[in-house]
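I have placed the structure first, in the form of structure tokens, so that the comments after it can refer back to it.
There are 2 protein chains.
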Amino acid sequence: MSEASPTLNFGTMTEVFQFLMEIDKLKSVQRRTKVLGTQRQENSAEHSWHFAVAAMTLAPYAPKDVDIQKVIRMALLHDIVEIDAGDVLVYDLAARAAVHDQEVLAAKRLFGMLPAPLNQQFLDLWNEYEEGETPEACFALVIDRILPVVMNLNNQGQSWVENNIRLEQVLARNAFIGDINPELWQHVRGHLDNAHAQGWLK
Amino acid sequence: MSEASPTLNFGTMTEVFQFLMEIDKLKSVQRRTKVLGTQRQENSAEHSWHFAVAAMTLAPYAPKDVDIQKVIRMALLHDIVEIDAGDVLVYDLAARAAVHDQEVLAAKRLFGMLPAPLNQQFLDLWNEYEEGETPEACFALVIDRILPVVMNLNNQGQSWVENNIRLEQVLARNAFIGDINPELWQHVRGHLDNAHAQGWLK
Chain A
1 MSEASPTLNF GTMTEVFQFL MEIDKLKSVQ RRTKVLGTQR QENSAEHSWH FAVAAMTLAP
61 YAPKDVDIQK VIRMALLHDI VEIDAGDVLV YDLAARAAVH DQEVLAAKRL FGMLPAPLNQ
121 QFLDLWNEYE EGETPEACFA LVIDRILPVV MNLNNQGQSW VENNIRLEQV LARNAFIGDI
181 NPELWQHVRG HLDNAHAQGW LK
Chain B
203 MSEASPTLNF GTMTEVFQFL MEIDKLKSVQ RRTKVLGTQR QENSAEHSWH FAVAAMTLAP
263 YAPKDVDIQK VIRMALLHDI VEIDAGDVLV YDLAARAAVH DQEVLAAKRL FGMLPAPLNQ
323 QFLDLWNEYE EGETPEACFA LVIDRILPVV MNLNNQGQSW VENNIRLEQV LARNAFIGDI
383 NPELWQHVRG HLDNAHAQGW LK
């Protein structure tokens, strides 16, 4: 949104539409993964859509106590903080730690644009995802991690190759998937060994 | 996904991951609306994310009988058929009628990639949205229509100007919003008159 745009009056919905125009910026936050079969990096908005649909389709494979609707809402909100803080590679542990404080401020600023009680509801949902302790947050994290892995397995290891990622890194960051969905991890584990053998992972 | 990609085995989840890789193509379907402040046309995947978050934020303004979780799921699935059928401008009524049969075939092919009962659940949800009769489908349609209108109001009428859209067309296609949310339509109506006066709408 141009800084010069005047605030349009939508009555009680004015703040909601200001928020919706502000988060349009997530469409310009680039990730490392490329859209399959293209040379274009995916952005965090389209990734969030992919993640939310993945939650819908993986619902039958979720632990029984998981509220999938909540996982979908987490997927839709989880990356909005990147509008202020940017996207950081999941394997860059130092940068991920450094960016955390910026993300907390971003969540306050962005979700704070909304009227009550939406502002607190959205912030609570984002915090729950970040803390990663509830069944919904754990299952959401599985999906957020597995999606770029499967995209890499279907794209000659594109983002692994471009970022010099090693098999041990992928195993260390994703082995928790085995605790939540052993069948899924068993298959992924085999495909990762194959990716390593093919040179897609160092 | 490259046609040459072998099918990766994910056990009972194999079909789900094939579907998730296939729908990655929605990230390459271009709409007429541009991402605010850029020269890039938004794609239907990032639009679907925006639509779903809009449903979350507009929940307090929905008619009381609307199940917002269902509206969110409709938002996430509603444009997937465009992978086969393409995006058609909402104001091009002849093209919209012509593309309907292709969209029905696309829904069968794409949702049909999923195992039961997901395949039928997704198809039913898409059909319900298309038919536009339930409270959820009506509210979803309001959001799908209002979002590009508000983006245009914040972007000097970009897609209206580029496609020679007239005020009467926007009024004719969107006046139903007044039946579902009179307050919203009252504000939009005023902004549309202003857009016409500024020459953003013919």
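In order, the protein sequence lines correspond to chains A and B. In this text, residue positions in the first sequence follow our numbering: the first is 1, and each later residue adds one. In this text, residue positions in the second sequence follow our numbering: the first is 203, and each later residue adds one. Ideal Cβ placement from N, Cα and C applies to all residues, glycine included. These numbers come from a predicted model, not from an experiment.
query: According to DSSP, is A:K64 helix, strand or coil?
result: Here residue 64 of chain A refers to the residue found at position 64 when the first sequence is read from its first residue. Coil at A:K64, not helix or strand.
query: What are the complete alpha helix (DSSP H) segments, minimum 4 residues, inside the region 266–334 of chain B?
result: 270–279, 284–287, 295–313 and 320–333
message: Quick check on B:D226 - is its C-beta less than 8 Å from some C-beta in chain A?
response: Your numbering for residue 226 of chain B matches position 24 in the second sequence. Yes, contact with chain A.
- prompt: Do A:H187 and B:G213 have their C-beta atoms closer together than 8 Å?
  reply: Reading the first sequence from its first residue, position 187 is the one you call residue 187 of chain A. Reading the second sequence from its first residue, position 11 is the one you call residue 213 of chain B. Contact: yes.
Under 7 Å from the C-beta of A:R31: neighbouring residues of chain B: Taking the first sequence and counting its residues from 1, the one referred to as residue 31 of chain A is at position 31. Under the 7 Å cutoff, chain B gives no residues; its nearest Cβ is about 11 Å from A:R31.
task: Report the three-state DSSP secondary structure of B:Q388 (helix, strand or coil).
output: Sequence index remark: in the second sequence, residue 388 of chain B carries index 186 (1-based). In this structure, B:Q388 counts as helix in the three-state DSSP scheme.
field: Range covered by the alpha helix (DSSP H) that runs through A:R173
entry: Counting from one through the first sequence, the residue named residue 173 of chain A turns up at place 173. Run containing A:R173: L167 to N174, per the alpha helix (DSSP H) assignment.
Cβ-based neighbour list, A:A137, same chain, cut-off 6 Å, excluding 5 preceding and 5 following: Within the first sequence, the letter at position 137 stands for residue 137 of chain A. Counting only Cβ-Cβ distances below 6 Å, and skipping sequence neighbours, we find E128 and Y129.
message: Is the beta carbon of B:F341 closer than 8 Å to that of B:A264?
response: Translated into positions along the second sequence, residue 264 of chain B becomes position 62. Translated into positions along the second sequence, residue 341 of chain B becomes position 139. Going by C-beta atoms, B:A264 is nearer than 8 Å to B:F341.
Endpoints, alpha helix (DSSP H) assigned at B:Q360: By 1-based counting over the second sequence, the position of residue 360 of chain B is 158. Taken as a continuous stretch (DSSP letters only), the alpha helix (DSSP H) holding B:Q360 covers Q360 to E364.
- prompt: Starting from A:Q18 and walking both ways along the beta strand (DSSP E), at which residues does that stretch end?
  reply: For this step, residue 18 of chain A is matched to residue 18 along the first sequence. Premise fails: A:Q18 lies in the alpha helix (DSSP H), T14 to E22, not in any beta strand (DSSP E).
- prompt: What residue range is occupied by the uninterrupted beta strand (DSSP E) comprising B:N383?
  reply: Locating residue 383 of chain B in the second sequence gives position 181, where the first residue counts as 1. Per DSSP, B:N383 belongs to no beta strand (DSSP E) and is neither H nor E.
query: Mind checking B:T235: buried by the 16 CB within 10 Å criterion, or exposed?
result: Numbered from its first residue, the second sequence carries residue 235 of chain B at position 33. Its Cβ being crowded by 16 or more others within 10 Å, B:T235 is buried.
- prompt: Which residue's Cα is closest to the Cα of B:L228: A:K27, A:L20 and A:V35?
  reply: Here residue 228 of chain B refers to the residue found at position 26 of the second sequence. Out of A:K27, A:L20 and A:V35, A:V35 has the C-alpha closest to the C-alpha of B:L228.
query: If you compare alpha carbons, which of A:V161, A:D179, A:F51 and A:V81 is closest to A:I68?
result: Your numbering for residue 68 of chain A matches position 68 in the first sequence. Measuring from the Cα of A:I68, the nearest candidate turns out to be A:F51.
field: Minimum C-alpha distance to A:P115 - residue among A:Q18, A:L8, A:L141 and A:T7
entry: In the first sequence, residue 115 of chain A corresponds to position 115, counting from 1. For the residues A:Q18, A:L8, A:L141 and A:T7, the minimum Cα distance to A:P115 belongs to A:Q18.
- request: Look at A:V81 and A:A106 and say whether their C-beta atoms are less than 8 Å apart.
  value: The residue given as residue 81 of chain A occupies position 81 in the first sequence. The residue given as residue 106 of chain A occupies position 106 in the first sequence. Against a cut-off of 8 Å, the Cβ pair of A:A106 and A:V81 comes out as a contact.
query: Since A:L192 and A:L171 are thought to touch, with beta carbons under 8 Å apart, how far apart are those beta carbons, to the nearest angstrom?
result: Taking the first residue of the first sequence as 1, we reach residue 192 of chain A at position 192. Taking the first residue of the first sequence as 1, we reach residue 171 of chain A at position 171. Yes, they are in contact, since the Cβ atoms of A:L192 and A:L171 sit about 7 Å apart, within 8 Å.
message: Could you tell me the alpha carbon to alpha carbon distance between A:L141 and A:F122, rounded to whole angstroms?
response: For the purposes of this step, residue 141 of chain A is taken as residue 141 along the first sequence, with counting starting at 1. For the purposes of this step, residue 122 of chain A is taken as residue 122 along the first sequence, with counting starting at 1. Going by the C-alpha atoms only, they are around 17 Å apart.
Contacting residues, own chain, Cβ-Cβ under 7 Å from B:A206 (five flanking each side not counted): The residue labelled residue 206 of chain B in the question sits at position 4 within the second sequence. For B:A206, the predicted model reports a pLDDT of 48, less than 50, meaning its position is unreliable; a value from the coordinates is still stated below. Result list for B:A206: empty, nothing under 7 Å.
- request: Use the C-beta contact count for A:A175: other C-beta atoms within 10 angstroms, 16 or more gives buried, fewer gives exposed.
  value: Residue 175 of chain A sits at position 175 when you count from the first residue of the first sequence. With fewer than 16 Cβ atoms within 10 Å of its Cβ, A:A175 is classed as exposed.
task: Would you tell me roughly how many angstroms separate the C-alpha atoms of A:T7 and A:D24, rounded to the nearest one?
output: Mapped onto the first sequence, residue 7 of chain A falls at position 7. Mapped onto the first sequence, residue 24 of chain A falls at position 24. About 16 Å.
query: Which whole-angstrom value describes the C-beta separation of A:I146 and A:L184, a residue pair presumed to lie in contact below a C-beta threshold of 8 Å?
result: Working through the first sequence from its first residue, we reach residue 146 of chain A at position 146. Working through the first sequence from its first residue, we reach residue 184 of chain A at position 184. With 8 Å as the limit, A:I146 and A:L184 qualify as a contact, their Cβ atoms being about 7 Å apart.
- prompt: Of all Cβ atoms in chain A, is any one closer than 8 Å to the Cβ of B:K191?
  reply: This structure gives no information on residue 191 of chain B, because the portion of chain B shown stretches from 203 to 404.
query: With C-beta atoms as the reference, is A:E42 less than 8 Å away from A:R31?
result: Locating residue 42 of chain A in the first sequence gives position 42, counting from the first residue. Locating residue 31 of chain A in the first sequence gives position 31, counting from the first residue. It is a contact, given that the beta carbons lie within the stated cut-off.
message: Taking CB distances under 8 Å as the criterion, tell me whether A:A195 reaches chain B.
response: What you label residue 195 of chain A is simply residue 195 of the first sequence in a count that begins at 1. Taking Cβ atoms only, chain B never reaches closer than 8 Å to A:A195, which makes this a no.
- prompt: Start and end of the beta strand (DSSP E) containing B:N245?
  reply: Position 43 of the second sequence, counting from 1, holds the residue named residue 245 of chain B. Start and end: Q243 to N245.
- prompt: Just curious, the beta strand (DSSP E) that B:K236 is in, first and last residue?
  reply: On the second sequence, position 34 is the one that residue 236 of chain B refers to. Taken as a continuous stretch (DSSP letters only), the beta strand (DSSP E) holding B:K236 covers Q232 to K236.
query: If we cut at 8 Å on Cβ distances, does A:W126 have a partner in chain B?
result: Locating residue 126 of chain A in the first sequence gives position 126, where the first residue counts as 1. For A:W126, the answer is no, since every Cβ of chain B falls outside 8 Å of its Cβ.
- prompt: Are the C-beta of A:M1 and some C-beta of chain B separated by less than 8 Å?
  reply: Numbered from its first residue, the first sequence carries residue 1 of chain A at position 1. Its pLDDT being 41, under 50, A:M1 is placed unreliably by the model, and the measurement read from it follows with that caveat. At least one chain B Cβ lies under 8 Å of A:M1.
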